[in-house]
Amino acid sequence: SRALGSLGQSRAKFISAEERTGVTFDDFAGQEYIKNELQEIVRILKNDEEFQDKGIYCPKGVLLHGPPGTGKTLLAKAIAGEAGLPFFAANGTDFVEMFVGVAASRVKDLFANARAFSPSIIFIDEIDAIGSKRGGPDIGGGGAEREQGLLQILTEMDGFKVSTAQVLVIGATNRLDILDPALLRKGRFDKIIRVGLPSEDGRFAILKVHARNKFFRSEEEKETLLKEIAELTEDFTGAELQNILNEAGILTARKDLDYIGRDELLEALKRQKGTFETGQEDSTEIPEELKLRLAYREAAVAVLACFFPEPHRPFVETDINSIRSQPNMHYAEISGQVFARKSDYINSIVRACAPRVIEEEMFGIDNLCWISAKATLEASKHAEFLILQTGMTAFGKAYYKNYSDLVPNLAMKLEALRDEYMRYATEKCSSVLKEYHLAVETITDILLEKGQIKAEEIWDIYKSAPHVAQPPVSP
Ligand code: ADP
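Under full-length UniProt numbering, think of the first position of the sequence shown as 279, with each following residue one higher.
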């Protein structure tokens with residue numbers, strides 16, 4: 279019998295099992311091409327024998343990669359739901375324990391459980407925790423243990439014969455770049471799908487999915503409001519959009535209203551940004567440590583803005599009065615023609631690294647906080663733009679609108695090149711900040727004392743501060 283309930287009591291506590299996920303592709307919105315690709319896999323899973331007669335086999339492994347909250351787990355559950363198969367989920371971090379042999383035996387347990395109920399789906403979230411490159415730096419220890427776990431996954435995946443591919447393994451990661459290449463070889467995770475941040479249309483579609491069970495005054499008003507929210511939520515994930523609608527629903531109930539309105543949605547949006555950025559609601563007092571971090575961040579951004587001035591957008595001023603995940607530096611409006619050279623693009627990557635580099639240098643790599651989190655995203659976006667859309671790099675002259683247009687081989691080439699630009703940008707940024715360390719300190723002090731500083735004063739400090747020569751950084 280398929281009594282999955284007993285699993286919950288088994289010693290395999292790290293596995294969560296669902297006989298039917300109840301999730302369908304309709305629950306995932308935006309990025310339609312992803313669904314199309316997965317739909318095909320579902321068709322093969324459902325008519326296994328028919329397809330086998332034609333010599334078409336289901337891939338053994340599908341790897342979903344992209345930022346957290348973009349719906350990777352949702353998609354994995356939808357595959358199981360659409361194919362009507364049981365779903366076994368574990369997290370890569372659960373495999374990594376300090377006790378010898380645990381990782382490998384947990385992997386064995388997971389596969390044994392899934393096989394007992396085959397055909398079935400295995401989902402391993404954060405697979406990078408166990409599947410990172412072997413022989414690399416041993417971050418966090420447990421390297422040998424992890425390696426055993428990884429080897430066990432490879433053994434399990436190689437173990438089942440293609441003709442009876444009864445268990446589909448779905449992995450999820452936001453670090454494709456650190457995965458061991460052995461995992462990506464043919465017959466393992468040979469289908470790699472990028473799940474990115476949704477576009478504006480995608481955000482609208484996601485909002486509509488999560489508005490299905492909510493009340494609006496009319497269908498038209500709902501469309502208009504959700505369109506507006508979609509416009510205001512660049513870089514938001516599906517999970518964050520879902521939160522906005524839930525929060526708006528709660529506010530509506532609290533105010534004893536019948537329908538969600540514009541006010542509730544905008545307030546929910548503000549809260550979502552706020553809780554994401556400060557982790558605390560309704561707080562006007564900025565803690566001292568956060569103030570210090572903000573001041574250093576703004577000072578570093580200011581010094582980089584002097585070192586690599588943006589040719590078309592002079593900066594005006596900055597402050598530490600508001601807490602945002604992006605720098606507070608204000609720029610003049612862009613006017614006239616934009617004439618951007620390759621070096622301008624590269625310098626923009628270096629500039630974007632400033633918040634993270636200064637925080638790492640001042641507070642330590644193990645003591646980072648959210649105010650520099652978006653900087654890395656920003657910098658890699660600049661790098662991706664340069665590589666994919668300008669035809670100016672070793673990547674080649676073709677134009678790619680999206681990362682998702684890339685076949686896996688090209689995606690890996692892109693990541694290697696992007697990492698190369700990121701390495702250079704981080705080193706260059708760090709070298710500039712060391713050279714102008716005294717200017718950074720002076721601007722930080724002024725920000726802490728006055729709360730803000732204007733462009734002229736920044737330029738004066740930058741020009742007059744003694745600098746400390748640094749060794750050159752090679753691109
Ligand atoms: P991930 O596994 O990528 O971290 P999840 O699948 O856990 O993300 O996403 C969390 C929740 O956010 C989902 O359960 C879903 O409600 C919502 N969500 C995320 N992306 C989407 C999307 N594209 N369409 C609809 N809902 C989404």
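Backbone N, C-alpha and C define an ideal beta-carbon position, used for all residues, glycine too.
- When rounded, the separation of the alpha-carbon atoms in A526 and A546 is 5 Å.
- Contiguous alpha helix (DSSP H) elements confined to the segment 609-692 occur at 620-630, 632-641 and 651-667, taking only those with 4 or more residues.
- Under DSSP, D597 forms a beta bridge with Q730.
- About 6 Å separates the beta carbons of D406 and I456, which is inside the 8 Å limit, making them a contact pair.
- Taking the CA atoms as reference points, L535 sits about 23 Å from E518.
- In this structure R321 is not in contact with G359, their Cβ atoms being roughly 14 Å apart against a cut-off of 8 Å.
- Between V635 and T704, the alpha-carbon positions lie close to 7 Å from each other.
- In this structure, ligand 1 has a non-hydrogen atom nearer than 7 Å to the beta-carbon of G347.
- For G409, the three-state secondary structure derived from DSSP is helix.
- The segment 505-566 is shown to contain no whole beta strand (DSSP E) run of 3 or more residues.
- Cβ-Cβ separation between I448 and I399: approximately 6 Å, consistent with a contact (criterion under 8 Å).
- Between the alpha carbons of P459 and A356 lies a distance of about 27 Å.
- When the Cα atoms are used, S603 and E512 turn out to be separated by approximately 13 Å.
- In the structure shown, S398 adopts extended strand secondary structure according to DSSP, grouped into three states.
- By the CB criterion at 8 Å, H608 and F585 fall outside the cutoff.
- The DSSP-derived three-state label of H715 is helix.
- Runs of the alpha helix (DSSP H) lying entirely within the segment 307-369, each at least 4 residues long, are 310-324, 326-331 and 350-361 in chain order.
- Taking a C-beta distance under 8 Å as the contact criterion, T433 and E404 do not qualify as a contact pair.
- Within a 10 Å sphere around the beta-carbon of S650 sit 16 or more other beta-carbons, which makes this residue buried.
- Ranked by how close their Cα comes to the Cα of Q520, the residues F617, M670 and Q550 have Q550 in first place.
- In the DSSP assignment, A483 falls within the unbroken alpha helix (DSSP H) covering E478 to H488.
- If the five residues before and after G349 are omitted, its C-beta is found closer than 7 Å to the C-beta atoms of F306, V473 and G516, all from its own chain and listed in chain order.
- The Cβ atoms of S682 and V751 lie no closer than 8 Å to each other.
- Residue environment analysis places M435 among the buried positions, since at least 16 neighbouring C-beta atoms fall within 10 angstroms of its C-beta.
- Residues N452, T515 and A517 of the same chain have their beta carbon placed closer than 8 Å to that of P346, with the five preceding and five following residues left out of the count.
- Using a cutoff of 7 Å, the CB of V487 counts as near ligand 1, since one of the ligand's heavy atoms is closer than that.
- Spanning the alpha carbons of D622 and L655 requires a straight line of approximately 18 Å.
- By the neighbour-count definition (other C-beta atoms within 10 Å, threshold 16), P337 is a buried residue.
- A distance of 8 Å or more separates the beta carbons of V445 and A368.
- Under the three-state reduction of DSSP output, G449 falls in the strand class.
- For ligand 1, no non-hydrogen atom lies closer than 7 Å to the CB of P744.
- In the three-state reduction of the DSSP assignment, E705 falls in the helix class.
- Distance check between M690 and each of F673, K679, Y677 and K706 places F673 closest, using alpha-carbon atoms only.
- Within its own chain, the residues whose Cβ lies closer than 7 Å to the Cβ of I739, once the five positions on either side in sequence are excluded, are A717, T720 and I721, listed in chain order.
- For I739, the three-state secondary structure derived from DSSP is helix.
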